Amino acid sequence: REINLLVVTSLLTLAGYSLTDTVVVFDRIRENLRLRAKVPLAETVNRSINEVLRRTIVTSSTVLLVLVALILFGGEVTYDFALALFMGVIVGTYSSIYLASPIIVVWKVRAVERRPAPRTA
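Per the numbering used here, the very first residue in the sequence shown carries number 3; after that it's consecutive.
Put into structure tokens, the structure is as follows:
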């Protein structure tokens, strides 16, 4: 299939959709870090993901339901657009929950490991 303007539009829409989902998760992590400063980062990230998981799944399911209707009944003109969005919403939802958040934990652990040991005189 060729890449037309609708496919490019769907890819740009997906970038925004995935970014917004990731910002929601990161914002919840930030709030929980402020409220629970003594809790380990991995536990805070896990709690934050659990708090936004329902919202993310409901939002994605609603979008996917509309996209299924577009794929089935939208015709040839919107088929590529809807199909690209359908696959992208699934990948974007997965990445915002299960990839972006654990990367924070990995970066923090590596930053602590690379930090030089305090010098003793």
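A virtual CB, placed ideally from N, CA and C, is assigned to each residue, including glycine.
Here the structure is a predicted model, which is why all the values come from computation and not from measurement.
Query raised in the report: For residue 64, which of 95, 53 and 82 has the nearest alpha-carbon?
Result: To locate residue 64, count along the sequence shown from 1; it is residue 62. Measuring from the Cα of residue 64, the nearest candidate turns out to be 95.
Report task. Give the DSSP-derived three-state secondary structure of residue 30 in the structure shown. Result -> Looking up residue 30 in the sequence shown gives position 28. Of the three classes helix, strand and coil, the one that applies to residue 30 here is helix, per DSSP.
Query raised in the report: What are the start and end residues of the alpha helix (DSSP H) that includes residue 73?
Result: On the sequence shown, position 71 is the one that residue 73 refers to. Note, residue 73: alpha helix (DSSP H), 43 to 75.
Query raised in the report: Are the stretch 33 to 47 and the stretch 112 to 121 touching by the rule of at least three beta carbon pairs closer than 8 Å?
Result: Using a C-beta cut-off of 8 Å, the stretch 33 to 47 makes no contact with the stretch 112 to 121, since fewer than three inter-stretch Cβ pairs fall below that distance.
Report task. Kindly indicate the opening and closing residues of the alpha helix (DSSP H) around residue 86. Result -> The residue given as residue 86 occupies position 84 in the sequence shown. Element bounds for residue 86: 78 to 96.
Query raised in the report: Roughly how far, in whole angstroms, is the beta-carbon of residue 27 from the beta-carbon of residue 54, given that I think they are within contact range, below 8 Å?
Result: Start at 1 with the first residue of the sequence shown, and residue 27 comes out as number 25. Start at 1 with the first residue of the sequence shown, and residue 54 comes out as number 52. With a Cβ gap of about 5 Å, residue 27 and residue 54 count as contacting.
Query raised in the report: Quick one: Cα of residue 34 to Cα of residue 50, how far?
Result: Here residue 34 corresponds to residue number 32 of the sequence shown, with the count starting at 1. Here residue 50 corresponds to residue number 48 of the sequence shown, with the count starting at 1. Their backbone Cα atoms lie some 7 Å apart in a straight line.
Query raised in the report: Skipping 5 residues on each side, what residues in its chain have a beta carbon closer than 6 Å to that of residue 12?
Result: Taking the sequence shown and counting its residues from 1, the one referred to as residue 12 is at position 10. Excluding sequence neighbours, residue 12 sits near 83, 86 and 87.
Query raised in the report: Any idea if residue 23 is buried or exposed, counting beta-carbon neighbours within 10 angstroms, 16 or more meaning buried?
Result: Position 21 of the sequence shown, counted from the first residue, corresponds to residue 23. Buried: at least 16 other Cβ atoms inside 10 Å.
Query - Contacting residues, own chain, Cβ-Cβ under 6 Å from residue 62 (five flanking each side not counted) - result: Here residue 62 refers to the residue found at position 60 of the sequence shown. Here the set comprises 91 and 95.
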